[in-house]
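Visitor:
Residue numbers (this note's numbering): 1 to 293.
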């Protein structure tokens with residue numbers, strides 16, 4: 001019986017996130033305060049008492065989810081004994097810090113840099129994403145490849161749920177073709193840009209420098225990375241995969257399938273929300289899921 005800990009990405013945020021931890025755990029409070037210093041603004045005020053719009057800004061959302069997840073994992077103390085970890089998109093940074101591959105400070109700085117670089121890339125190229133339901137992955141890939149504008153598979157969330165990403169023209173054209181091909185839904189998402197698509201290349205270049213300069217260590221357990229859905233423990237490989245992550249699709253279905261093949265029977269989600277528990281169940285009904293929020 002192996003335990004797999006999974007960490008959520010953007011979209012899991014909610015007003016009040018992390019407040020219980022801050023109020024009831026001295027170590028957690030100290031880490032939140034350290035984060036306020038590192039970021040140069042009081043992110044805790046926005047997390048605990050901000051508006052939904054405050055939390056939706058990429059430069060706030062990403063560090064907020066990272067902090068909630070990582071501080072929660074630290075607060076579990078000796079109860080946090082992962083045999084393997086993975087994170088969805090941004091959550092991969094939380095997973096790396098929780099598994100000891102990256103320090104809390106370095107992780108937060110990289111997440112903040114990532115958020116700012118992505119925000120910049122979004123502003124430079126107006127773009128969007130859409131969720132496609134009930135079509136085989138191959139069909140979605142084929143249709144995206146047939147469109148003249150930029151559009152590509154971005155998140156392989158679970159069988160029958162794939163998110164695509166690209167320019168407004170590309171996503172609109174793909175959605176039309178996907179619905180004609182029998183998709184149950186092809187729904188544009190309320191996001192500020194085309195995450196995990198070629199349009200994120202400027203952000204990837206900017207983040208690559210910071211990742212190269214950061215110190216990565218061997219994690220305490222394998223980290224299943226989004227880029228290839230495979231386990232990694234070598235710091236050099238982890239860095240390379242993390243750099244590619246911004247323009248490559250999130251292979252979440254493959255991550256979970258690989259973890260199950262390697263013996264995971266219990267999946268524990270650490271961080272805001274319970275989206276990943278739902279996805280894990282859709283990928284494999286047999287495994288058990290739970291969460292710490």
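By construction, the Cβ of each residue, glycine as well, lies at the ideal position given by its N, Cα and C atoms.
Because the structure is a prediction, the values reported are computed rather than measured.
Could you name the residues of the same chain whose beta carbon sits closer than 6 Å to that of residue 203, not counting the 5 residues immediately before and after it, in chain order?
Guide: So the list reads 117, 118, 121 and 246, once near-sequence residues are dropped.
Visitor: Output yes or no for whether 7 Å exceeds the beta carbon distance between residue 147 and residue 180.
Guide: No.
Visitor: Please determine if the region 183-191 and the region 275-293 are in contact, where contact requires at least 3 C-beta pairs separated by less than 8 Å.
Guide: Contact between the region 183-191 and the region 275-293 is absent, because fewer than three Cβ pairs lie under 8 Å.
Visitor: What would DSSP say about residue 82, mapped onto helix, strand or coil?
Guide: Three-state DSSP puts residue 82 in coil, outside helix and strand.
Visitor: Which residue wins for smallest C-alpha separation from residue 50, given the options 38, 39, 64 and 266?
Guide: The shortest C-alpha separation from residue 50 is found at 64.
Visitor: Round the Cβ separation of residue 150 and residue 157 to the nearest angstrom and send it over; I've been treating them as touching at under 8 Å.
Guide: At roughly 21 Å, the Cβ-Cβ gap does not stay under 8 Å, so residue 150 and residue 157 are not in contact.
Visitor: Indicate whether the contact test is met: 3 or more Cβ pairs, each with one atom in the region 80-95 and one in the region 249-266, closer than 8 Å.
Guide: Result yes; three or more Cβ-Cβ pairs closer than 8 Å.
Visitor: Hey, is the region 216-233 in contact with the region 90-109, meaning 3+ C-beta pairs nearer than 8 Å?
Guide: Yes, the region 216-233 is in contact with the region 90-109.
Visitor: Is the number of C-beta pairs between the region 6-19 and the region 51-60 that are closer than 8 Å three or more?
Guide: Judged by Cβ distances under 8 Å, the region 6-19 makes contact with the region 51-60, as three or more pairs qualify.
Visitor: For residue 238, which residues of its own chain have a beta-carbon under 8 Å away from its beta-carbon, when the five flanking residues on both sides are left out?
Guide: Closer than 8 Å at the Cβ level, and outside the excluded window around residue 238, lie 96, 101, 216, 219, 223, 225 and 232.
Visitor: Could you tell me the distance, in whole angstroms, from the CA atom of residue 209 to the CA atom of residue 182?
Guide: Going by the C-alpha atoms only, they are around 43 Å apart.
Visitor: Which first and last residues belong to the beta strand (DSSP E) in which residue 168 is found?
Guide: Careful: residue 168 lies outside any beta strand (DSSP E), inside the alpha helix (DSSP H) at 168-180.
Visitor: Around the Cβ of residue 142, are there at least 16 other Cβ atoms within 10 angstroms (buried) or fewer (exposed)?
Guide: Exposed, since its Cβ has fewer than 16 Cβ neighbours within 10 Å.
Visitor: Helix, strand or coil for residue 155, going by three-state DSSP, please let me know.
Guide: Strand, per DSSP.
Visitor: In terms of residue numbering, what span does the alpha helix (DSSP H) encompassing residue 216 cover?
Guide: Run containing residue 216: none; DSSP gives neither H nor E here.
Visitor: Check the C-beta distance from residue 3 over to residue 266 and give it rounded, since I have them as a contact under 8 Å.
Guide: So it is a contact: roughly 5 Å between Cβ atoms.
Visitor: Measure the beta-carbon distance from residue 271 to residue 68 and round it to whole angstroms, keeping in mind my assumption that it falls under 8 Å.
Guide: Right, the Cβ-Cβ distance comes to about 5 Å (below 8 Å), so this counts as a contact.
Visitor: Determine the burial state of residue 126: buried for a count of at least 16 other Cβ atoms within 10 Å of its Cβ, exposed for fewer.
Guide: So residue 126 ends up on the exposed side.
Visitor: Would you please state the rounded distance, in angstroms, between the beta carbons of residue 249 and residue 153? I believe it to be under 8 Å.
Guide: Correct: roughly 5 Å between the Cβ atoms.
Visitor: Could you tell me if residue 73 is buried or exposed, where buried requires 16 or more neighbouring beta carbons within 10 angstroms of its beta carbon?
Guide: Buried, since its Cβ has 16 or more Cβ neighbours within 10 Å.
Visitor: With DSSP collapsed to three states, give me the class of residue 185.
Guide: Of the three classes helix, strand and coil, the one that applies to residue 185 here is strand, per DSSP.
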